[in-house]
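Visitor: Structure in structure tokens, see below.
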Amino acid sequence: MTETPAPPPLDPHADRPLGDGRVDTWRHPVWVRITHWLNVVAVVVLLMTGLNILQAHPHLYWGLRSTFADPWFSPPAPPGWLMLPSGRDLATARSWHFLFAWLFVTNGVIYLAWGFLSRRFGRRLWPTKADIRDLPHSVVEHAKFDFPRDDRARVYNVIQKLTYLAIILIVLPMMLITGLSMSPGFNAIGGVLLEILGGRQSARTLHFISAGLIVAFILIHVGLVMWTGLGNNLRAMVTGWFRIEPPKSAKDGGDPE
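And the structure:
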């Protein structure tokens with residue numbers, strides 16, 4: 002008798018049909034989810050302690066000198082609840098800032114290494130020629146707050162890809178480099194960074210600008226997460242599974258395009 006070959010093993014990450022045209026699709030592997038939530042904690046603590054540190058001299062300059070006479074920018078004092086600790090405490094704020102900075106760096110190195118080695122960045126984040134050609138349409142889509150929830154939501158749109166790449170490859174490294182350049186311990190072994198950045202005050206200002214860009218990204222990101230389906234997006238970042246809805250025409254009972 003001829004033996005019946007064993008069926009191939011089931012793919013645990015294959016789509017899961019739910020009925021009514023809805024499908025659960027696998028989006029985020031476990032390493033993406035863990036590094037994402039560790040990054041959330043680290044960045045929140047870094048921003049809150051950074052605000053406390055800034056209050057020791059709440060003025061920004063370019064170059065080497067810092068005087069109260071001619072600051073480039075003087076940020077307004079934040080409310081106590083936005084700072085960590087809630088009152089002005091430079092020593093404690095710096096200790097927490099440095100601790101979570103190393104958590105942020107370690108977590109970021111793991112995320113980048115895994116992203117490149119697994120080729121996830123190439124598959125999910127690197128824009129294709131078709132993506133670039135679709136940029137005008139994506140701009141209109143964002144301007145109308147009209148985001149797909151059907152099969153088109155399986156992949157990131159070109160604006161998402163470009164934004165994520167800019168944050169991952171430009172803004173976050175800039176925050177890290179400018180932060181390291183202001184560290185006295187790092188200056189002892191790599192002080193050339195301060196010269197490249199144009200002085201300690203320039204590094205401090207660039208550090209503040211990069212933090213501001215991250216805050217802007219977070220606000221927009223959280224806003225769009227809520228707009229496009231808070232429950233579905235949170236579920237995807239907790240369990241890995243993202244729900245795809247049927248096309249609007251199918252929902253309305255017509256033929257899908």
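Residue numbering for the sequence shown follows my numbering, beginning at 2 and increasing consecutively. C-beta atoms are modelled at their ideal positions from N, C-alpha and C, and glycine is treated no differently.
Under the three-state reduction of DSSP, which class applies to residue 258: helix, strand or coil?
Guide: Numbered from 1 along the sequence shown, position 257 holds the residue referred to as residue 258. Caution applies to residue 258, whose pLDDT of 41 falls short of 50 and renders its modelled position unreliable; the model cannot decide the point.
Visitor: Return the chain-ordered list of same chain residues with a C-beta closer than 6 Å to the C-beta of residue 93, the five sequence neighbours on each side being excluded.
Guide: What you label residue 93 is simply residue 92 of the sequence shown in a count that begins at 1. So the qualifying residues of the chain are 86.
Visitor: What is the DSSP secondary structure of residue 152, reduced to helix, strand or coil?
Guide: The count along the sequence shown starts at 1 and reaches residue 152 at position 151. In the structure shown, residue 152 sits in a helix (DSSP, three-state: H, G or I).
Visitor: Hey, could you find the ends of the beta strand (DSSP E) residue 244 is sitting in?
Guide: Taking the sequence shown and counting its residues from 1, the one referred to as residue 244 is at position 243. Unbroken beta strand (DSSP E) run through residue 244: 242-245.
Visitor: For the alpha helix (DSSP H) that residue 223 lies in, which residues bound it at each end?
Guide: As a first step, residue 223 is located in the sequence shown; it is residue number 222 there, counting from the start. Per DSSP, residue 223 belongs to the alpha helix (DSSP H) from 201-228.
Visitor: Label residue 176 either buried or exposed according to how many other C-beta atoms from any shown protein chain fall within 10 Å of its C-beta, with 16 as the threshold for buried.
Guide: By one-based count along the sequence shown, residue 176 stands at place 175. Its Cβ being crowded by 16 or more others within 10 Å, residue 176 is buried.
Visitor: With distances taken between CB atoms, is the gap from residue 101 to residue 15 smaller than 7 Å?
Guide: The count along the sequence shown starts at 1 and reaches residue 101 at position 100. The count along the sequence shown starts at 1 and reaches residue 15 at position 14. Cβ distance not < 7 Å, so residue 101 and residue 15 don't count as in contact.
Visitor: Could you give the DSSP three-state label for residue 63: helix, strand or coil?
Guide: Start at 1 with the first residue of the sequence shown, and residue 63 comes out as number 62. Residue state, collapsed to three classes: coil.
Visitor: Select from 162, 210, 209 and 97 the residue whose C-alpha is nearest the C-alpha of residue 124.
Guide: Taking the sequence shown and counting its residues from 1, one reaches residue 124 at position 123. Among 162, 210, 209 and 97, the Cα nearest to that of residue 124 belongs to 162.
Visitor: Just the Cα atoms here: how many angstroms apart are residue 29 and residue 68?
Guide: Reading the sequence shown from its first residue, position 28 is the one you call residue 29. Reading the sequence shown from its first residue, position 67 is the one you call residue 68. Taking the straight line joining both Cα atoms gives about 48 Å.
Visitor: Give the DSSP bridge partners of residue 26, in chain order.
Guide: Counting from one through the sequence shown, the residue named residue 26 turns up at place 25. Residue 26 is bridged to 243.
Visitor: Quick one: what does DSSP say residue 88 is sitting in, helix, strand or coil?
Guide: Mapped onto the sequence shown, residue 88 falls at position 87. It is coil, neither helix nor strand.
Visitor: Verify the contact flag: residue 172, CB atom, against every heavy atom of the ligand GTP, threshold strictly below 6 Å.
Guide: The model depicted lacks the ligand GTP and carries no ligand whatsoever.
Visitor: Assuming residue 31 and residue 232 make a contact with CB atoms under 8 Å, what is their CB distance in whole Å?
Guide: Within the sequence shown, the letter at position 30 stands for residue 31. Within the sequence shown, the letter at position 231 stands for residue 232. Not confirmed; about 20 Å, so no contact.
Visitor: The alpha helix (DSSP H) with residue 20 in it runs from where to where?
Guide: To locate residue 20, count along the sequence shown from 1; it is residue 19. Not the alpha helix (DSSP H): residue 20 falls in the beta strand (DSSP E), residues 17-20.
Visitor: Per DSSP, which one or two residues make a beta bridge with residue 74?
Guide: As a working note, residue 74 is residue 73 in the sequence shown. Its beta-bridge partners are 61.
Visitor: One question on the structure: do residue 151 and residue 76 come within less than 7 Å of each other, judged by their Cβ atoms?
Guide: What you label residue 151 is simply residue 150 of the sequence shown in a count that begins at 1. What you label residue 76 is simply residue 75 of the sequence shown in a count that begins at 1. Result no, Cβ atoms of residue 151 and residue 76 do not sit closer than 7 Å.
Visitor: What does a CB cutoff of less than 7 Å around residue 59 pick up in its chain, not counting 5 residues either side in sequence?
Guide: Here residue 59 is taken as the residue at index 58 of the sequence shown, counted from 1. Hits under 7 Å: 75, 76 and 78.
Visitor: Count the other CB atoms, across all protein chains shown, that sit within 10 Å of the CB of residue 105; report buried if there are 16 or more and exposed otherwise.
Guide: Here the question's residue 105 lines up with position 104 in the sequence shown. The residue in question, residue 105, is buried, as its Cβ has 16 or more Cβ neighbours within 10 Å.
Visitor: DSSP on residue 124, reduced to helix/strand/coil?
Guide: The residue given as residue 124 occupies position 123 in the sequence shown. Residue state, collapsed to three classes: helix.
Visitor: So, with DSSP's three-state summary, where would you put residue 145?
Guide: Your numbering for residue 145 matches position 144 in the sequence shown. Correct three-state label for residue 145: coil.
Visitor: Less than 7 Å between the beta carbons of residue 36 and residue 112, yes or no?
Guide: As a working mapping, residue 36 is identified with position 35 in the sequence shown. As a working mapping, residue 112 is identified with position 111 in the sequence shown. Closer than 7 Å, so yes.
Visitor: In this structure, how does DSSP classify residue 161 when only helix, strand and coil are distinguished?
Guide: Here residue 161 corresponds to residue number 160 of the sequence shown, with the count starting at 1. Residue 161 falls in the helix class under three-state DSSP.
Visitor: Using the Cα positions of residue 1 and residue 140, report the straight-line distance between them to the nearest angstrom.
Guide: This structure cannot speak to residue 1, because the chain is shown only from 2 to 258.
Visitor: Helix, strand or coil: how does DSSP classify residue 14 here?
Guide: The count along the sequence shown starts at 1 and reaches residue 14 at position 13. DSSP places residue 14 in coil when its eight states are reduced to three.
Visitor: Does the beta-carbon of residue 25 have 16 or more other beta-carbons within 10 angstroms, so that it is buried, or is it exposed?
Guide: Position 24 of the sequence shown, counted from the first residue, corresponds to residue 25. It counts as buried.
Visitor: What's the C-alpha gap between residue 169 and residue 149?
Guide: Here the question's residue 169 lines up with position 168 in the sequence shown. Here the question's residue 149 lines up with position 148 in the sequence shown. Residue 169 and residue 149: Cα-Cα distance of roughly 24 Å.
Visitor: Could you check the C-alpha separation between residue 209 and residue 133 for me, to the nearest Å?
Guide: If you number the sequence shown from 1, residue 209 lands on position 208. If you number the sequence shown from 1, residue 133 lands on position 132. Rounded to the nearest angstrom, the two C-alpha atoms are 31 Å apart.
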